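*Asks:*
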Amino acid sequence: MTVQIHDGTSWHAVCTLDDLQPGRGRAVLLDGDRQVALFLGRAGDLYAVDNLDPFSGAQVLSRGLIGSRGDRPTLASPMYKQVFDLTDGRCLDEDTAPDGAPAVLRLWPVRLAPEGEVV
């Protein structure tokens with residue numbers, strides 16, 4: 001099955017489901033230059049966020065660890081360990097990044113392509 005990410009205009013095939021390992025991330029390129037961190041949760045849920053860590057400025061979030069706080073799925077940055085809510089993108093540890101911007105990750109709609117759909 002093909003995993004697709006929506007860029008606001010259309011769906012783009014980025015990998016197959018077999019390319020993903022539960023609990024681990026993968027960096028994918030969207031539109032040739034935008035890095036997106038893609039995750040397959042242990043329960044089979046798909047998550048996609050910008051790969052850019054707002055605290056370090058590095059493209060590393062695909063190397064982060066997914067987990068949970070209560071019933072909320074989370075992503076811990078591999079750099080400084082801030083934890084982000086995967087349902088809304090906000091940082092659960094700090095409200096603002098070092099540059100003063102809100103500490104929120106961009107979330108990308110992600111899905112498995114319907115069977116038989118040509119992408």
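In UniProt numbering, the protein residues as written are 1 to 119.
No residue lacks a Cβ here, since even glycine has one placed at the ideal position from N, Cα and C.
The model shown is predicted, which means the values in this text are computed figures rather than measured ones.
(1) State whether the segment 84–91 contacts the segment 45–60, with contact taken as three or more CB pairs (one from each stretch) at a distance under 8 Å.
(2) Under the three-state reduction of DSSP, which class applies to Asp19: helix, strand or coil?
(3) Quick check: what's the CA-CA separation for Leu65 versus Pro78?
(4) Check Arg26 in the structure and name its three-state DSSP category.
(5) Label Leu17 either buried or exposed according to how many other C-beta atoms from any shown protein chain fall within 10 Å of its C-beta, with 16 as the threshold for buried.
(6) Compute the beta-carbon to beta-carbon distance between Val3 and Leu20, rounded to the nearest angstrom, for a pair I have assumed lies under 8 Å.
(7) Using the three-state DSSP reduction, which class does Arg63 fall into: helix, strand or coil?
(8) Need the endpoints of the beta strand (DSSP E) that Phe39 sits in, please.
(9) Along the chain, where does the beta strand (DSSP E) containing Arg106 start, and where does it finish?
(10) So Ala48 is in the beta strand (DSSP E); what residue range does that whole segment cover?
(11) State buried or exposed for Pro68, treating a residue as buried only when at least 16 other CB atoms are found within 10 Å of its CB.
(12) Compute the distance between the beta-carbons of Phe55 and Ala27, then report whether it is under 7 Å.
*Replies:* According to the structure data:
(1) yes
(2) Taking the first residue of the sequence shown as 1, we reach residue 19 at position 19. In this structure, Asp19 counts as helix in the three-state DSSP scheme.
(3) Within the sequence shown, numbered from 1, the residue matching residue 65 stands at position 65. Within the sequence shown, numbered from 1, the residue matching residue 78 stands at position 78. Whole-angstrom Cα-Cα distance: 7 Å.
(4) As a position in the sequence shown, residue 26 is number 26, starting the count at 1. Three-state result, Arg26: strand.
(5) Taking the sequence shown and counting its residues from 1, the one referred to as residue 17 is at position 17. Answer is exposed; the Cβ neighbour count stays below 16.
(6) Translated into positions along the sequence shown, residue 3 becomes position 3. Translated into positions along the sequence shown, residue 20 becomes position 20. Yes, Val3 and Leu20 are in contact; Cβ-Cβ is about 7 Å, under 8 Å.
(7) Along the sequence shown, one-based indexing puts residue 63 at 63. Three-state DSSP puts Arg63 in a helix.
(8) As a first step, residue 39 must be located in the sequence shown, where it is residue number 39. Here the beta strand (DSSP E) through Phe39 covers 34–40.
(9) In the sequence shown, counting from the first residue as 1, residue 106 sits at position 106. Note, Arg106: premise wrong, no beta strand (DSSP E); not H, not E.
(10) Within the sequence shown, numbered from 1, the residue matching residue 48 stands at position 48. First-last of the beta strand (DSSP E) with Ala48: 46–50.
(11) By 1-based counting over the sequence shown, the position of residue 68 is 68. According to the sequence displayed, residue 68 carries Ser and not Pro. The residue is exposed, with fewer than 16 neighbouring Cβ atoms inside 10 Å.
(12) Locating residue 55 in the sequence shown gives position 55, counting from the first residue. Locating residue 27 in the sequence shown gives position 27, counting from the first residue. Going by C-beta atoms, Phe55 is not nearer than 7 Å to Ala27.
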